[in-house]
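The next block holds one structure in the form of structure tokens; read it before the comments.
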Amino acid sequence: MTSAKTVQIAGIPVQLTQKRVKNINLRVTREGRVVVSYPWHTSEAVVLAFIESRSDWIRATLSRTSLPSEKNSAGQNIISGCEVSVWGQPYALQIIPGSRRTAYISAHDLVITLPNRYLNDLTSETSQSAIRKTFDEFLAKEMRKILPEMTAAAEAKAGRSASLYRTRRMKSRWGSCNTKTGAITLNLELAEHNPEALKYVIAHELTHLYVRRHNKEFYALLTTFYPNWKEVRSGLKNARPSLR
Ligand SMILES: [Zn+2]
Numbered sequence: 004m005t006s007a008k009t010v011q012i013a014g015i016p017v018q019l020t021q022k023r024v025k026n027i028n029l030r031v032t033r034e035g036r037v038v039v040s041y042p043w044h045t046s047e048a049v050v051l052a053f054i055e056s057r058s059d060w061i062r063a064t065l066s067r068t069s070l071p072s073e074k075n076s077a078g079q080n081i082i083s084g085c086e087v088s089v090w091g092q093p094y095a096l097q098i099i100p101g102s103r104r105t106a107y108i109s110a111h112d113l114v115i116t117l118p119n120r121y122l123n124d125l126t127s128e129t130s131q132s133a134i135r136k137t138f139d140e141f142l143a144k145e146m147r148k149i150l151p152e153m154t155a156a157a158e159a160k161a162g163r164s165a166s167l168y169r170t171r172r173m174k175s176r177w178g179s180c181n182t183k184t185g186a187i188t189l190n191l192e193l194a195e196h197n198p199e200a201l202k203y204v205i206a207h208e209l210t211h212l213y214v215r216r217h218n219k220e221f222y223a224l225l226t227t228f229y230p231n232w233k234e235v236r237s238g239l240k241n242a243r244p245s246l247r
């Protein structure tokens with residue numbers, strides 16, 4: 004069930020959708036539309052105030068998406084002004100010169116610093132792969148911050164422990180569990196989503212330590228470990244990877 008309407012905020016049309024989400028999500032699409040979804044329990048006044056507080060970021064992002072050069076490269080290239088998500092929150096990517104490759108969050112920006120040799124042509128394959136690598140290293144660092152506490156809580160609830168947690172970017176799965184070795188692999192991309200998604204995937208993979216297949220028994224156990232799994236899973240459905 005959703006409810007949608009368009010409002011004007013500081014002269015910018017914003018599409019508001021109320022639906023089953025946990026947080027207020029704000030994004031600017033490649034076509035330059037401003038889209039906001041928010042939970043049923045959040046009042047419209049709170050949402051409008053939130054959007055207002057981000058109006059500078061929205062304006063800056065809109066002005067960048069309307070540049071023809073960006074339109075050409077919007078298909079694949081990651082460049083300044085692109086929107087990236089970290090733990091479900093939108094940030095505008097800023098690529099700046101620096102002595103080494105690194106990434107950090109500064110207010111509403113995700114800043115990536117690159118040595119000068121990458122900056123002449125940011126759309127070159129070398130520069131693009133340096134940007135992707137830096138972003139992935141940043142996501143891996145974010146995962147390392149959150150995982151010890153989150154996996155300990157999930158293991159306490161499930162009553163079983165993984166032998167090892169690994170993170171890497173995967174094309175078709177959010178996570179996987181090697182039931183022989185007890186090693187669990189988590190998709191790095193989960194650090195782009197609300198942390199609940201990661202929590203759910205950990206519970207899902209720990210459930211495989213009891214049941215290998217996705218049968219009735221599996222889902223019954225998963226429900227005791229992570230009751231809200233259906234809702235979180237449907238939230239992840241639009242993003243690419245699927246669970247195994
Ligand atoms: Zn599975």
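In terms of the numbering used here, the sequence shown opens at residue 4 and continues consecutively. We treat Cβ as the ideally placed atom computed from N, Cα and C, and that holds for glycine.
Count the other C-beta atoms from every protein chain shown that fall within 10 angstroms of the C-beta of residue i, then say buried if there are 16 or more, exposed otherwise.
i: G162; result: exposed
i: K8; result: exposed
i: A156; result: exposed
i: E234; result: exposed
i: E145; result: buried
Please work out which residues of its chain come closer than 8 Å, Cβ to Cβ, to residue i, disregarding the five sequence neighbours upstream and downstream, and give them in chain order.
i: V204; result: W177, G178, L189, N190, L193 and L246
i: I15; result: V37, S58, I61, R62 and L65
i: S166; result: T184, G185 and A186
When the distance is taken between beta carbons, is residue j closer than 8 Å to residue i?
i: I61; j: S83; result: no
i: E86; j: V31; result: yes
i: E220; j: V214; result: yes
i: M173; j: P244; result: yes
i: R103; j: P118; result: yes
i: G2; j: L225; result: Since the first and last residues shown for the chain are 4 and 247, residue 2 lies out of range.
Taking 8 Å as the CB-CB limit, is residue i close to chain B?
i: L122; result: No chain B appears in this structure, which consists of one protein chain only.
Find the nearest neighbour of residue i within the set the options, judged by alpha-carbon distance.
i: Y107; options: Y94, R236 and N119; result: Y94
i: F138; options: R216, V114 and P244; result: V114
i: H303; options: S175, Y41, G185 and S88; result: Because the chain in this structure spans residues 4 to 247, residue 303 falls outside the shown range and cannot be described.
i: A200; options: N218, T184 and L239; result: L239
i: T210; options: Q18, T182, S127 and F53; result: T182
i: V24; options: G91, I81 and I149; result: G91
i: P230; options: R135, S164, R103 and A206; result: A206
i: C180; options: R216, P198, L150 and P151; result: R216
i: L142; options: L122, R169 and R120; result: R169
i: K148; options: F228, P198 and A52; result: P198
i: R236; options: S109, Q21 and K202; result: K202
Tell me which residues share the same chain as residue i and place their Cβ nearer than 7 Å to its Cβ, disregarding the 5 neighbours each side in the sequence.
i: I54; result: I12, V17, L29 and V39
i: N80; result: T126 and Q131
i: R171; result: T188 and L191
i: S164; result: E158
i: H111; result: R57, W60, Y94 and A95
Excluding the 5 residues flanking residue i on each side, which residues of the same chain have their C-beta closer than 6 Å to its C-beta?
i: A242; result: none
i: T116; result: I99, G101 and T105
i: T45; result: none
i: P42; result: V24
i: S175; result: P244
*Go through the region 128 to 173 residue by residue and report every complete run of the beta strand (DSSP E) that reaches 3 residues or more, in order.*
Scanning the region 128 to 173 from its first residue to its last, the whole beta strand (DSSP E) runs of 3-plus residues come out as 167 to 171.
*Can you check the region 71 to 123 for any alpha helix (DSSP H) of at least 4 residues that lies completely inside it and give the ranges in chain order?*
The region 71 to 123 contains these whole alpha helix (DSSP H) runs: 71 to 76.
*In chain order, which alpha helix (DSSP H) runs of at least 4 residues are fully inside the region 194 to 243?*
DSSP runs (the alpha helix (DSSP H)) wholly in the region 194 to 243: 198 to 210, 219 to 228 and 232 to 239.
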